[in-house]
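Have a look at the structure below before the remarks.
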Amino acid sequence: MIEFKILKKSDKSRARLGILKTPHGEIETPTLVGVATQAVVKTLTSEEVAQIKSKLLICNTYHLHLRPGEKIIKENGGLHKFMNWKSGLMTDSGGFQVFSLGFGRDFGMGKILKSSSEEILEEGRQPRHLKITDDGVYFKSYLDGREMFLGPKESIKIQEDLGADIILAFDECTSPIAGRTYTEKSLERTHRWAATCLKAKKSKQALYGVVQGGKFRDLRIASAKFIDSLGFDGYAIGGEFGDDKATMVKMLGWVNNELDEQKPRHLLGIGYLEDIPKIIKSGVDTFDCTMPTHYGRRGIAFISSGRLDLNKAVFLKDKGPLDKKCGCPVCGEYKRSYISHLIRAKEITGLKLLTMHNLFFFNSYVEKIREDIKKGKI
RNA sequence: GCUGAGGUGGCGGAGCGGUCAAUCGCAACAGACUGUAAAUCUGUCGCCCUUGUGGCUACGGGGGUUCGAAUCCCUCCCUCAGCA
């Protein structure tokens, strides 16, 4: 079980300062949740992840079910022991893969719309590579092509075997090009699955319900109200968030307005650096984002003054640290020149150093925001 | 010295009479990436400008044939391989 305590509510915004108590320690919120899809923050050991101030990670049900399979993990004593991670863990339900391996793949897009699309998905439309039914979703394994079925009961069962502190209801993350009728139908399904998940859960893990509803205000509000009414331990907010930052903030407002203030709110998959103050001010307590880790592996370092692309040859001649103001283990010991060389030479240690720096940088950034809330600045 | 192969944009390497400022790859430069299938994808990449069915200079150097040459001929220079 988890316990969520709000220490302070901002009077300038919806921001809150809190403590999330899990069986694996207390986590100060707001906090960035590190993405560890395959039971690993890519390139780092769990000790290293702890060293750069991460307290909560999110692993993925779909991926771990396919490989190595929840049985293996259960036999190892659960995810925590399996990956030697001592702090908090969440598992994502696989609901995002319904989108990312479905329409996301078909249209080559992420859940944030970057360019306008002529196509709008309406009711009855199915993605090419999977089949969405009222009971769940038929996937084709990307590893061997074998068909696998994931529905609310299956997802909960797997997540119980994995044994994270916080688990998520199985949902359908809708595409940014989902039209009104598609979204309505999908939302009904997601809501039905939410109730099924609650009933199916036997463990003491905390279960978060997922709010969907796409870009439609009434659906978002209805979803928040419905999910709130079911009595979950917390909430996750999923799906698309418009194609600009102002819309995102507006949409989060619709939802957070309806949710029980006393329960923790997790925003799924959002966390560009510039988004973080906005989502925290919107009343979000935890959020996960691949940005620090994913971009790190692309050679991008986040620093106080913006971003650096260490692929660029200019950095070979740069003898300074990634960020003079950064207190991370990487900035203390390594120069841009060396890191740039590693990235350009495709040496894996380069990916690791940037992942460490970026996670530390993001965590410090959020830490500063917690301070600001405490001081009444935000 | 003889014989053979070859010299093309930063590099590698296509093209072998017109539609070639020259396929493609690499590098370089710019951009994208938001509940992570993919250390990925996209664009630019001779110079100049009033950015255009624009101008200029280019395929080792020089000369020639042709309406027209990176592409054919002559000559010189250079590289590589084999033989002396």
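Here numbering that gives the first Met the number 0 is used: the first residue of the first sequence is 0, the next is one more, and so on.
Every residue, glycine too, gets a C-beta built ideally from N, C-alpha and C.
Specify, as a first and last residue, the run of the beta strand (DSSP E) that GLY305 falls within. Residues 305-308.
Less than 7 Å between the C-beta atoms of ILE176 and VAL210, yes or no? In this structure, VAL210 does not lie closer than 7 Å to ILE176 by Cβ.
Does the count of Cβ pairs from the segment 233-249 and the segment 94-113 closer than 8 Å reach three? yes
Between which two residues does the alpha helix (DSSP H) containing MET147 stretch? Premise fails: MET147 lies in the beta strand (DSSP E), 146-149, not in any alpha helix (DSSP H).
Relative to the C-alpha of LEU272, which candidate in ALA199, GLY305, GLY33 and VAL248 has its C-alpha closest? GLY305
Buried or exposed: where does THR90 fall if 16 or more other Cβ atoms within 10 Å of its Cβ makes it buried? Residue environment for THR90: buried (at least 16 other C-beta atoms within 10 angstroms of its C-beta).
If contacts are defined as beta-carbon pairs under 8 Å, then CYS327 and PHE360 qualify, I think. What distance do you get, rounded to the angstrom? Right, their Cβ atoms sit about 7 Å apart.
Comparing C-alpha positions only, which one of LEU65, SER339 and THR292 sits nearest to LEU307? SER339
Can you tell me whether ASN362 is buried or exposed, with buried defined as 16 or more other CB within 10 angstroms of its CB? buried
Between which residues of its own chain and LEU120 is the CB-CB distance below 7 Å, once the five residues before and five after are set aside? Same-chain partners within the cutoff: PHE102, SER174, ILE176, ALA177, GLY178 and TYR181.
Mind checking ALA312: buried by the 16 CB within 10 Å criterion, or exposed? exposed
Contained alpha helix (DSSP H) runs [length at least 4] in the segment 330-362, N- to C-terminal order: The segment 330-362 contains these whole alpha helix (DSSP H) runs: 335-343.
Cα-Cα, which of LYS244, LYS70 and GLY282 is closest to LYS368? One point to set straight first is that residue 368 is Ile, not Lys, in the sequence displayed. Closest by alpha carbon: GLY282.
Around the Cβ of ASN83, are there at least 16 other Cβ atoms within 10 angstroms (buried) or fewer (exposed)? exposed
Top-ranked residue by Cα proximity to VAL248, from ILE226, SER228, PRO276 and ALA221: PRO276
For ARG216, I'd like the list of residues in its chain whose CB is within less than 6 Å of its CB, leaving aside the five on either flank, ordered along the chain. TRP253
Mapping the DSSP letters down to three states, classify LYS373 as helix, strand or coil. helix
Burial state of ASP143 (16 or more Cβ within 10 Å): The residue is exposed, with fewer than 16 neighbouring Cβ atoms inside 10 Å.
If you measure between the beta carbons of THR354 and LEU16, is that distance less than 7 Å? no
Give me, in chain order, the residues of the same chain whose beta-carbon lies closer than 7 Å to that of ILE269; leave out the 5 immediate sequence neighbours on both sides. Taking ILE269 as the centre and dropping the five residues before and after it, the same chain places the C-beta of PHE240, ILE278, PHE286 and CYS288 closer than 7 Å to its C-beta, in chain order.
Spatial neighbours of ASP134 within its chain, please: CB distance less than 6 Å, with the 5 preceding and 5 following residues excluded, ordered by chain position. GLY150
With a threshold of 8 Å on Cβ separation, who are the neighbours of ASN256 within its own chain once the five nearest residues in sequence on each side are excluded? ILE220 and ALA223
Contact belief for GLU171 with THR189 at Cβ below 8 Å, rounded distance in angstroms: 5 Å
Label ALA205 either buried or exposed according to how many other C-beta atoms from any shown protein chain fall within 10 Å of its C-beta, with 16 as the threshold for buried. buried
Under the rule that 16 or more other beta-carbon atoms within 10 Å means buried, what is ASP378, buried or exposed? This structure gives no information on residue 378, because the portion of the chain shown stretches from 0 to 377.
Could you check if SER92 is buried or exposed, using at least 16 other CB atoms within 10 Å of its CB as the buried criterion? buried
Own chain partners of TRP192 with C-beta closer than 6 Å, once the 5 adjacent residues on each side are dropped: Taken in chain order, the residues that qualify are PRO151 and PHE169.
Mapping the DSSP letters down to three states, classify ASN59 as helix, strand or coil. strand
Considering only residues of the segment 12-73, which uninterrupted alpha helix (DSSP H) runs meet the minimum length of 4 residues and lie entirely inside it, listed in chain order? Counting only runs of 4 or more, we get 45-50 and 60-65.
Pull up the distance between the alpha-carbon of VAL136 and that of ILE71, whole angstroms please. For VAL136 and ILE71, the gap between their C-alpha atoms comes out near 23 Å.
For TYR104, the nearest candidate out of GLU122, ASP259 and HIS128 (CA to CA): Checking the displayed sequence, the identity of residue 104 turns out to be Arg instead of Tyr. Here the closest residue by C-alpha is HIS128.
In chain order, what residues of the same chain lie with their CB nearer than 7 Å to the CB of LYS214, ignoring the 5 residues before and after it? GLU239 and GLY241
Coarse secondary structure for GLY103, derived from DSSP in three states: helix
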